[in-house]
Amino acid sequence: MCSMEYFHYYRSWMYDRTYPGRRGLKPNFEEGVKGFITWAFAQECCLSEGGVRCPCLKCECRPIISDPEEVERHLKRRGFIKNYWVWTYNGEQLPSNVQRTTTTHASSSRSHMEHR
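Residue 1 is where the sequence shown starts when you use UniProt numbering, and the numbers rise one by one after that.
As C-alpha coordinates, then:
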(Lines of atoms letter the chains of each structure in order from A and count residues from 1; the text may use other names and numbers.)
(Lines give C-alpha, C1' and ligand atoms only; values in the text may rest on other atoms or scores of the structure.)
Protein backbone atom coordinates (compact mmCIF):
# COMPACT_ATOMS: atom_id res chain seq x y z
CA MET A 1 0.00 0.00 0.00
CA CYS A 2 1.56 3.34 -1.03
CA SER A 3 1.66 6.04 1.61
CA MET A 4 -1.37 8.08 0.46
CA GLU A 5 -3.47 4.93 0.17
CA TYR A 6 -2.50 4.28 3.79
CA PHE A 7 -3.83 7.70 4.86
CA HIS A 8 -7.01 7.33 2.80
CA TYR A 9 -7.66 3.89 4.30
CA TYR A 10 -6.95 4.72 7.94
CA ARG A 11 -8.44 8.20 7.85
CA SER A 12 -11.55 7.53 5.79
CA TRP A 13 -13.53 8.36 8.96
CA MET A 14 -12.61 12.04 8.45
CA TYR A 15 -14.95 12.36 5.49
CA ASP A 16 -17.68 9.99 6.65
CA ARG A 17 -19.15 12.19 9.36
CA THR A 18 -22.93 11.77 9.40
CA TYR A 19 -25.60 9.23 8.65
CA PRO A 20 -27.77 9.72 5.53
CA GLY A 21 -29.97 12.78 5.89
CA ARG A 22 -27.44 14.17 8.42
CA ARG A 23 -29.18 12.25 11.19
CA GLY A 24 -26.39 12.21 13.73
CA LEU A 25 -22.64 11.74 13.82
CA LYS A 26 -21.15 8.34 13.14
CA PRO A 27 -19.25 6.74 16.07
CA ASN A 28 -16.09 6.26 13.95
CA PHE A 29 -16.04 9.98 13.19
CA GLU A 30 -16.46 10.92 16.84
CA GLU A 31 -13.70 8.51 17.90
CA GLY A 32 -11.44 9.77 15.12
CA VAL A 33 -11.94 13.40 16.13
CA LYS A 34 -10.99 12.56 19.72
CA GLY A 35 -7.89 10.74 18.45
CA PHE A 36 -6.93 13.67 16.23
CA ILE A 37 -7.29 16.13 19.10
CA THR A 38 -5.24 13.98 21.49
CA TRP A 39 -2.53 13.55 18.87
CA ALA A 40 -2.49 17.19 17.68
CA PHE A 41 -2.32 18.75 21.14
CA ALA A 42 0.72 16.57 21.94
CA GLN A 43 2.75 17.75 18.92
CA GLU A 44 5.73 20.06 19.44
CA CYS A 45 4.40 22.73 17.06
CA CYS A 46 1.08 22.81 18.90
CA LEU A 47 2.78 23.02 22.27
CA SER A 48 4.98 25.91 21.10
CA GLU A 49 2.09 27.75 19.37
CA GLY A 50 -0.23 27.25 22.34
CA GLY A 51 -2.87 25.25 20.49
CA VAL A 52 -3.81 23.55 17.25
CA ARG A 53 -4.69 24.99 13.88
CA CYS A 54 -8.35 24.08 13.57
CA PRO A 55 -8.88 22.01 10.40
CA CYS A 56 -12.65 22.51 10.20
CA LEU A 57 -14.30 23.77 7.00
CA LYS A 58 -14.72 27.28 8.38
CA CYS A 59 -11.35 27.80 10.07
CA GLU A 60 -9.23 26.10 7.35
CA CYS A 61 -6.22 25.75 9.69
CA ARG A 62 -5.87 29.51 10.12
CA PRO A 63 -6.65 30.23 13.77
CA ILE A 64 -4.76 28.62 16.60
CA ILE A 65 -7.25 27.33 19.16
CA SER A 66 -6.07 26.41 22.65
CA ASP A 67 -9.24 24.68 23.85
CA PRO A 68 -9.53 21.03 22.72
CA GLU A 69 -13.30 21.07 23.30
CA GLU A 70 -13.70 24.03 20.93
CA VAL A 71 -11.78 22.20 18.18
CA GLU A 72 -13.96 19.14 18.79
CA ARG A 73 -17.15 21.22 18.48
CA HIS A 74 -15.91 22.79 15.24
CA LEU A 75 -15.05 19.44 13.66
CA LYS A 76 -18.28 17.79 14.74
CA ARG A 77 -20.37 20.69 13.46
CA ARG A 78 -18.51 21.42 10.20
CA GLY A 79 -16.21 18.52 9.37
CA PHE A 80 -12.62 18.63 8.09
CA ILE A 81 -11.31 20.77 5.24
CA LYS A 82 -11.08 19.01 1.90
CA ASN A 83 -8.14 16.63 1.37
CA TYR A 84 -6.54 17.08 4.80
CA TRP A 85 -5.39 13.44 4.84
CA VAL A 86 -1.93 14.32 6.19
CA TRP A 87 -2.14 16.66 9.17
CA THR A 88 0.72 18.93 8.06
CA TYR A 89 -0.62 22.11 9.70
CA ASN A 90 -0.59 20.29 13.03
CA GLY A 91 2.90 18.78 12.94
CA GLU A 92 2.58 15.66 10.81
CA GLN A 93 5.26 15.19 8.17
CA LEU A 94 4.24 14.63 4.58
CA PRO A 95 5.67 11.31 3.36
CA SER A 96 8.64 11.90 1.05
CA ASN A 97 7.08 9.99 -1.85
CA VAL A 98 3.92 12.14 -1.97
CA GLN A 99 3.68 14.90 -4.56
CA ARG A 100 2.63 18.32 -3.29
CA THR A 101 0.20 20.54 -5.13
CA THR A 102 -0.87 23.97 -3.98
CA THR A 103 -4.35 25.39 -4.45
CA THR A 104 -5.93 28.57 -3.21
CA HIS A 105 -9.30 28.31 -1.53
CA ALA A 106 -11.89 30.84 -2.67
CA SER A 107 -12.63 31.98 0.87
CA SER A 108 -9.01 32.81 1.58
CA SER A 109 -5.96 34.19 -0.12
CA ARG A 110 -3.92 31.66 1.83
CA SER A 111 -2.73 28.56 0.03
CA HIS A 112 -3.43 25.05 1.24
CA MET A 113 -1.65 21.92 0.21
CA GLU A 114 -3.90 19.25 -1.17
CA HIS A 115 -2.60 15.73 -0.85
CA ARG A 116 -3.65 13.33 -3.54
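Note that CB positions come from ideal geometry on N, CA and C, so glycine has one too.
So, under 8 Å CB-CB, residue i and residue j are touching, yes? Tell me the CB distance rounded to an integer number of Å.
i	j	result
Ile64	Arg53	6 Å
Gly35	Met14	Not confirmed; about 11 Å, so no contact.
Tyr84	Pro55	5 Å
Val86	Phe7	6 Å
Ile81	Glu49	Contact flag wrong, Cβ pair sits at about 18 Å.
Among the residues of its own chain, which have a CB less than 6 Å from the CB of residue i, if the five just before and after it don't count?
i	result
Gly79	Arg17 and Leu57
Thr88	Leu94
Using DSSP with H/G/I as helix, E/B as strand and the rest coil, what is residue i?
i	result
Ile64	strand
Val86	coil
Arg11	coil
Cys56	strand
Identify the residues that DSSP records as bridge partners of residue i: which are they?
i	result
Leu94	In the DSSP output, where bridge partners are listed per residue, Leu94 has none listed.
Thr38	Paired residue(s): none; Thr38 is not in a bridge.
Leu25	Thr18
Select from the options the residue whose C-alpha is nearest the C-alpha of residue i.
i	options	result
Pro68	Arg22, Ala40 and Pro95	Ala40
Gly24	Gly91, Ile81, Glu49 and Lys76	Lys76
Gly51	Ser66, Pro27 and Lys82	Ser66
For residue i, which residues in the same chain have their Cβ closer than 7 Å to its Cβ, ignoring the five residues on either side in sequence?
i	result
Glu5	none
Glu44	Gly91
Lys26	Asp16, Arg17, Thr18 and Tyr19
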